[in-house]
Amino acid sequence: MIRVVVVDSNASFCDAIQEEARQSGDIDVVAVAHDGERGLRLISEHAPHAVVLELFLPVVDGFGVLERLSHNNGSPRKRPKILVTTVAAHEHLLSQALSLGADYCVIKPFDIRTLLLRVRQLVDPEAALGPRRDAAQQAILMEVTRRLAELGVPPHFKGYQYLRDAISIVVQDSTMLNGVTKYLYPTIARRHGSSPQRVERAIRNAIEVTMTRGNLEEIQRVFGYSVDAGKGKPSNSSFIARLADQIRLDARVS
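In our numbering, the protein residues as written are 21 to 274.
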C-alpha cells in the first residue's frame, strides 16, 4: 500500500484525490493539509512514501516545504518522493522545484488517475506494468483467503475481512508492521468506513474464535512457537506477520 500525504490549498482537489485513491486499492491518502506548515508536520508524523505538493501554499509555500525536507536528508527516515503540482507553467519555477528535490512536476489542470499513476511510478517503477501488478495483487488476495480458510477463520465475521486486507497489505509492504495502530488499522478503517479501534477489536475477536474453534492442527503447525505463553493465542500483529511471512516465503520458493 502506497501512503501519500497531499498538501494543497484547494479542498475540492484534495477530496477528488482521496476518492480516486480510495477506489484504486493500492494508494492510501493518509493525511491532507491546506498549508505548508501543517503539511510539514503531517509528513514528519506519517512518513509517507510520496507527497503531492502544491507550489503556491499559504503560511509556508511549496518551495519552503522542499527546502525544509532537503535539510532533513541526513535523517534515518527515508525521504518521500515529491510530486509537485502548479498552475504556473514557468520553466524557472519548475527548475527551482526540481533543484530543491522535487521528483516530478505536473501542470494543473490534469487527470487525477494520471497523477496517481505517476505516484506509483515514482514509488515503484514496476507499477508502470499495471495489469501485471493487478494480477499479482489478486493472486496475493486469493492466497490469503486460502490460508484463512485452512485455519478456520469464520468468513462471516467482520474481522475476517479486516484480517484479509491486513495480511494482503503486509505481504506487499512489510513496513506497515512497524506501525500497526498508526498506519495499518487506519488504512483498513478508511477502506471499510470504520474506525481503527473497531478494526483492532474485530480482528482480535476473529483470532480468538479461530484459536478455540478453528482447525487446531493447522493452527499448531502455523503458530506453534509464536503464541502468547499465557493466553495461548497470537497477538493481532503476530497473526498478521506470521501469515504474511509464510506467503512471501512460499512465493520465493515457488
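Every residue gets a Cβ at the ideal spot worked out from N, C-alpha and C, and that includes glycine.
Should ILE22 and HIS66 be called a contact, given that it needs their Cβ atoms to be closer than 9 Å? No; because the gap between Cβ atoms is not below 9 Å, this pair is not in contact.
Under 6 Å Cβ to Cβ from GLY179, same chain only, skipping five residues before and after it: list those, please. Residues of the same chain with a CB within less than 6 Å of the CB of GLY179, apart from the 5 flanking positions on each side, are ALA222, ILE223, ASN225, ALA226 in chain order.
Where do the N-terminal and C-terminal ends of the alpha helix (DSSP H) with THR230 fall, by residue? Where THR230 is concerned, the enclosing alpha helix (DSSP H) stretches over 216–233.
Starting from ASP48 and walking both ways along the beta strand (DSSP E), at which residues does that stretch end? 47–53 is the span of the beta strand (DSSP E), which, as asked, contains ASP48.
Decide if ASP270 is buried, meaning its Cβ has at least 16 other Cβ atoms within 10 Å, or exposed. ASP270 is classed as exposed because its beta carbon has fewer than 16 other beta carbons within 10 Å across all chains shown.
Tell me whether ALA70 sits in a helix, a strand or coil according to DSSP, three-state version. DSSP places ALA70 in strand when its eight states are reduced to three.
Give the DSSP-derived three-state secondary structure of ARG23 in the structure shown. Correct three-state label for ARG23: strand.
If I measure Cβ to Cβ from ASP55 and keep anything under 6 Å in the same chain, skipping five residues before and after, which residues do I get? Here the set comprises LEU77, PRO78, VAL79.
Would VAL25 and PRO100 qualify as a contact pair, given that the criterion is a beta-carbon distance under 9 Å? For VAL25 and PRO100, yes; Cβs fall inside 9 Å.
With DSSP run on the structure shown, which of helix, strand or coil describes VAL85? VAL85 falls in the helix class under three-state DSSP.
Pairing CB atoms from the region 233–247 with CB atoms from the region 212–221, are three or more of them under 8 Å? The count of Cβ pairs closer than 8 Å, one atom from the region 233–247 and one from the region 212–221, stays below three, leaving the stretches out of contact.
Cα separation between ILE260 and ALA186? If I take the Cα positions, the gap works out to 7 Å.
9 Å Cβ cutoff met for LEU73 and ALA122: Pairing LEU73 with ALA122 gives a Cβ-Cβ distance under 9 Å.
Inter-residue Cα distance where the pair is VAL190 and LEU86: Within the model, the alpha-carbon separation for VAL190 versus LEU86 is close to 30 Å.
Inter-residue CB distance, LEU183 and SER257 (contact presumed, cutoff 8 Å): A Cβ-Cβ distance of about 12 Å is found for the pair LEU183 and SER257, leaving them out of contact under the 8 Å criterion.
Whose CA, out of CYS125, SER119, LEU120, lies closest to the CA of VAL107? Nearest of CYS125, SER119, LEU120 to VAL107, Cα basis: CYS125.
Can you tell me which of GLN192, VAL143, ILE127 puts its alpha carbon nearest to the alpha carbon of ALA159? Out of GLN192, VAL143, ILE127, GLN192 has the C-alpha closest to the C-alpha of ALA159.
DSSP state of LYS202, grouped into three classes? LYS202 falls in the helix class under three-state DSSP.
So the alpha helix (DSSP H) VAL79 belongs to, where does it begin and stop? Run containing VAL79: none; DSSP gives neither H nor E here.
Classify ILE127 as buried or exposed, calling it buried when 16 or more other Cβ atoms lie within 10 Å of its own Cβ. Around the beta-carbon of ILE127, fewer than 16 other beta-carbon atoms lie within 10 Å, marking it exposed.
Just to confirm the assignment, what range does the alpha helix (DSSP H) spanning LEU135 have? For LEU135, the enclosing alpha helix (DSSP H) stretches over residues 132–143.
For VAL126, does the three-state DSSP call read helix, strand or coil? Strand, per DSSP.
Which residues does DSSP pair with LEU103 in a beta bridge? Note: LEU103 sits in a beta bridge opposite VAL72, TYR124.
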